[in-house]
Amino acid sequence: MLNKVQLIGRLGKDPDLRYMPNSDAVANVSLATTESWKDKEGQKQEKTEWHNLVFYRGLAEVVGEYLKKGALIYVEGKLTTEKYEKDGEDRYITKIVVSDMKMLGGGGKAESEDHSSAKPASTAKPAKGAGKSTKSDMEPF
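Its first residue numbered 341, the sequence shown is counted upward by one per residue in this note's numbering.
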């Protein structure tokens, strides 16, 4: 069985970084992916999909410190669906738990920075060159 998602898109808002009771960091952010095509009349059409991303531990700290709204990133992860109740009705939300992220530049502070989740975010130092992979320290799926 395989549950793998790969996306390239732009952050729709600044990351929401929080800490769980066990001190693990969690960052949530929305990612927009847009596809374009020409319709039968030759007019350009676009459709944007919004994806809910979740980052954990060191990767969450990197995301919280270095990514801002508009940043272009590549992510890999797995789909998860959560059930919750609102107004007495069961609702569901699908999220992508990110295991790997690359900052591609363009927007936010992500441009020309290179960070590894192996280091705490407070000791991560910018380096020249964008596109360095940042692996999550969560277990592989």
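We treat Cβ as the ideally placed atom computed from N, Cα and C, and that holds for glycine.
From the options, pick the residue whose C-alpha is nearest to that of residue i; which is it?
{"i": "valine 369", "options": "Glu425, Arg431, Gly410 and Glu381", "result": "Gly410"}
{"i": "tyrosine 406", "options": "Lys353, Lys344 and Lys426", "result": "Lys353"}
{"i": "methionine 441", "options": "Arg350, Trp390 and Glu386", "result": "Arg350"}
{"i": "glutamate 389", "options": "Val403, Gly398 and Thr373", "result": "Thr373"}
{"i": "glycine 398", "options": "Met341, Val438, Leu347 and Leu342", "result": "Val438"}
{"i": "methionine 360", "options": "Glu429, Ile348, Ile413 and Glu401", "result": "Glu401"}
{"i": "alanine 375", "options": "Asn362, Leu357, Val366 and Ile348", "result": "The sequence shown places glutamate at residue 375, rather than the alanine named in the question. Measuring from the Cα of glutamate 375, the nearest candidate turns out to be Ile348."}
{"i": "valine 394", "options": "Leu371, Asp430 and Leu342", "result": "Leu371"}
{"i": "glycine 522", "options": "Leu342, Leu357 and Met341", "result": "Outside the shown range of the chain, which is 341 to 481, sits residue 522, and nothing can be said about it."}
Given this structure, state the Cα-to-Cα distance separating residue i from residue j, to the nearest angstrom.
{"i": "asparagine 392", "j": "glycine 382", "result": "32 Å"}
{"i": "tyrosine 396", "j": "threonine 420", "result": "14 Å"}
{"i": "lysine 344", "j": "isoleucine 433", "result": "17 Å"}
{"i": "glutamine 346", "j": "lysine 418", "result": "9 Å"}
{"i": "lysine 435", "j": "lysine 378", "result": "30 Å"}
{"i": "aspartate 364", "j": "lysine 408", "result": "21 Å"}
{"i": "glutamate 386", "j": "valine 366", "result": "32 Å"}
Is residue i helix, strand or coil when you go by DSSP?
{"i": "glutamate 405", "result": "helix"}
{"i": "alanine 400", "result": "helix"}
{"i": "alanine 365", "result": "strand"}
{"i": "threonine 417", "result": "First, the residue type needs correcting, since residue 417 is glycine and not threonine in the sequence shown. The answer is strand: DSSP assigns glycine 417 an E or B state."}
{"i": "asparagine 343", "result": "coil"}
{"i": "methionine 360", "result": "coil"}
{"i": "lysine 459", "result": "Per-residue confidence for lysine 459 stands at a pLDDT of 34, beneath the threshold of 50, marking its modelled position as unreliable; no derived number is given."}
{"i": "glutamine 385", "result": "strand"}
{"i": "aspartate 440", "result": "strand"}
With a 10 Å radius around its C-beta and 16 neighbouring C-beta atoms as the bar for buried, classify residue i as buried or exposed.
{"i": "methionine 443", "result": "buried"}
Looking at the strands, I want to know which residues DSSP matches up with residue i.
{"i": "alanine 372", "result": "Arg350 and Trp390"}
Using beta carbons (cut-off 9 Å, strictly below), is residue i in contact with chain C?
{"i": "glutamate 405", "result": "No chain C is part of this structure, which consists of one protein chain only."}
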